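When you line the sequence shown up against numbering that gives the first Met the number 0, it's residues 0 to 382, in that order. Just so you know, even glycine gets a beta-carbon here, dropped at the ideal spot from N, CA and C. Please read these numbers as outputs of a predicted model, since none were measured by experiment.
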Amino acid sequence: MSTINILGSTGSIGTQALQLVRLHPDRFTVKALTAHSNAQLLFQQVREFRPEMAGLTKPIPMEDIPADLRFCRWVMGKEALRVAAAEVPADQVLVSVVGIAGLQSVMDALNAGRQVLLANKEALVTGGHLVMDAARRIGKPLLPVDSEHSAIFQCLQGAADNQPVKLLLTASGGPFRTWDKERMARATRAEALNHPNWSMGAKITIDSASMFNKALEIIEARWLFDMPPEKIQVVVHPQSIIHSAIEFADGAVIAQLGVPDMRVPIQYAMTYPERLPTGSKPLDLFALGQMTFEPGDPVRFPALRLAVECLNAGGAACTVLNGANEAAVAAFLREEIPFGAISTLVEGAVEKLCHLPANNLDDIFAADAAARAAVAELLPALR
Ligand code: NAD
Ligand code: MG
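Printed below as a string of structure tokens:
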């Protein structure tokens, strides 16, 4: 039996993690749940899973909590994340909040010696060196939930002491894979939210359309697997069956395959190194028929180029890329800017702020704030 705290339990990853808890009631007990603003769903989850603690980062008055849910400790505001990450004892902490909000939680959980299951890629993108140092200090590897990084982690289980010479990071290419730049620049919110293979939260779905998701994942892979960017190759694979692969010195390539279903990587982190049923459909290679591959296009998708430039710049450049992207995606989702403005805004912020330092969390949060301010300043001209 493992105990688990879930930060961001009402999201796409959080709700799927709870489906897996429901599937294996003899294996998991939920100790803490947090959400941002979806109080109604959190109430249902608390009623079903009966955690010791629950909280909303967007506070509501205590009198709004239904009487039958007062058995658990309620914490409001940012403190909810800290308590769930570091105070309520649990074997595992799943960080599945979206955005840089996850960084402090990951650090809090690691500093409390907790095993972190990491869905929130933004924590590594913005504070990768600090997060990896903290994980090394407590001697517990971060267990990746992101499907590509879980795939690489799974492939590495068969690597013995051999270091891969290359990571092959697959990408679906998103809804605009075949669109030209002009058409993409005018894409609507609905078009960008229409992902061909995966059903995910709004922010990561927009990131998939712009390929900023893959940009963030290059940075995530750099930290998780200690690989320089020139050894991380993006491979566009529209069927999303190969979730990523590693190449060895002898030319052998090991890949992880399966139908696109996040329950598999989520549960692998939850039960590692054991494997249990997930409810996912088996892969039918005959029904699939064929798989195709193409290179990522850094001209139509500047995110791919910007990720490598920011990694090479070092300091807080990746934090700036992330903060500017979060602000630009939020503006696009509010329908304030056209789709094409997202990468223009990020590039503008990176050009202005790529020299900022990232020696500690304060530096990182300052760089994030500066990136958001730069986007706010550049945005009116791009409306
Ligand atoms: P989502 O938008 O569906 O859910 C986000 C969760 O975080 C919700 O529970 C929400 O209440 C909470 N939240 C939102 N803003 C918050 C804030 N400011 N502070 C604290 N909590 C907040 O997102 P998602 O798709 O589940 O993605 C979560 C994370 O997992 C992201 O970092 C994403 O990149 C990563 N991820 C998701 C998928 C996927 O399939 N959805 C795949 C790989 C990686
Ligand atoms: Mg991914």
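Does the distance from the C-beta atom of Pro163 to that of Asn196 stay below 9 Å? no
When we look at the beta-carbon of Leu282 and count the other beta-carbons within 10 Å, is it buried (16 or more) or exposed? exposed
Buried/exposed call for Thr250, threshold 16 Cβ in 10 Å: Sequence check: residue 250 is Gly here, not Thr. Classification of Gly250: exposed, given that the 10 Å Cβ count is below 16.
Under a Cβ-count criterion, where at least 16 other Cβ atoms within 10 Å of its own Cβ denotes burial, should Gln18 be classed as buried or exposed? exposed
Note down, one range per segment and in chain order, each alpha helix (DSSP H) of at least 4 residues found wholly within the region 133-218. 146-155, 180-184, 188-191 and 201-209
Over the uninterrupted alpha helix (DSSP H) stretch that includes Leu324, give me the two end residues. First, the residue type needs correcting, since residue 324 is Asn and not Leu in the sequence shown. Taken as a continuous stretch (DSSP letters only), the alpha helix (DSSP H) holding Asn324 covers Ala316 to Leu332.
Report the start-end ranges of each beta strand (DSSP E) in the region 57-119 that is 3 residues or longer and not cut off at the edges. 72-75, 91-94 and 114-117
Report yes if the CB atom of Ile341 is closer than 9 Å to the CB atom of Ile205, and no otherwise. yes
Any chance the region 123-130 sits against the region 258-278, with 3 or more Cβ pairs inside 8 Å? no
Within its chain, find whatever has a CB closer than 8 Å to the CB of Leu284; leave out the 5 residues flanking it on each side and keep chain order. none
Whole-angstrom distance between Gly172 and Thr187, CA atom to CA atom: 17 Å
Opening and closing residue of the alpha helix (DSSP H) in which Gln266 lies: Arg262 to Thr270
Do Ala268 and Val319 count as a contact pair if the criterion is CB distance below 9 Å? no
So, Asn161 versus Val92, is the Cβ gap smaller than 9 Å? no
Around the Cβ of Thr291, are there at least 16 other Cβ atoms within 10 angstroms (buried) or fewer (exposed)? exposed
Below 9 Å between beta carbons: does that hold for Ser104 and Ala134? no
Using the rule of at least 16 other Cβ atoms within 10 Å of the residue's Cβ for burial, across every protein chain shown, is Asn321 buried or exposed? buried
Please return the same chain residues whose Cβ sits closer than 7 Å to the Cβ of Ala184, not counting the five positions on each side in sequence. Pro337, Phe338 and Gly339
For Glu273, name the three-state secondary structure that DSSP assigns. coil
On the criterion of 16 or more Cβ atoms from any shown chain inside 10 Å, does His354 qualify as buried, or is it exposed? exposed
Measuring CA to CA, which of Glu376, Asn110, Lys139 and Ser146 is closest to Gln255? Ser146
Roughly how far, in whole angstroms, is the beta-carbon of Val307 from the beta-carbon of Ile245, given that I think they are within contact range, below 8 Å? Wrong, their Cβ atoms sit about 19 Å apart, outside the cutoff.
How big is the Cα-Cα spacing for Ser239 and Pro227? 24 Å
Using DSSP's beta-bridge definition, name the partner residues of Gln232. Leu167
Touching by the beta-carbon criterion (3+ pairs, under 8 Å), the region 298-312 and the region 345-363: yes
Simplified DSSP assignment, three categories, for Pro301: helix
Is the distance from the Cβ of Val82 to the Cβ of Ala118 below 9 Å? no
The beta strand (DSSP E) that contains Gly54, what's its start and end? Met52 to Leu55
Just grab the DSSP bridge partners of Val307 for me. Note: Val307 sits in no beta bridge, so no partner.
Buried or exposed: which applies to Arg69, given that a residue is buried once 16 or more other Cβ atoms fall within 10 Å of its Cβ? exposed
Measuring only from the beta carbon, is Asn119 closer than 8 Å to any heavy atom that is part of the ligand MG? no
Could you name the residues of the same chain whose beta carbon sits closer than 8 Å to that of Leu381, not counting the 5 residues immediately before and after it, in chain order? Ile336, Pro337, Ala340, Thr343 and Leu344
Using the C-alpha atoms, what's the distance from Leu360 back to Gly138? 21 Å
How about His194 and Ser209: do their beta carbons lie closer than 9 Å? no
Beta-carbon spacing of Asp90, Thr33 below 9 Å: no
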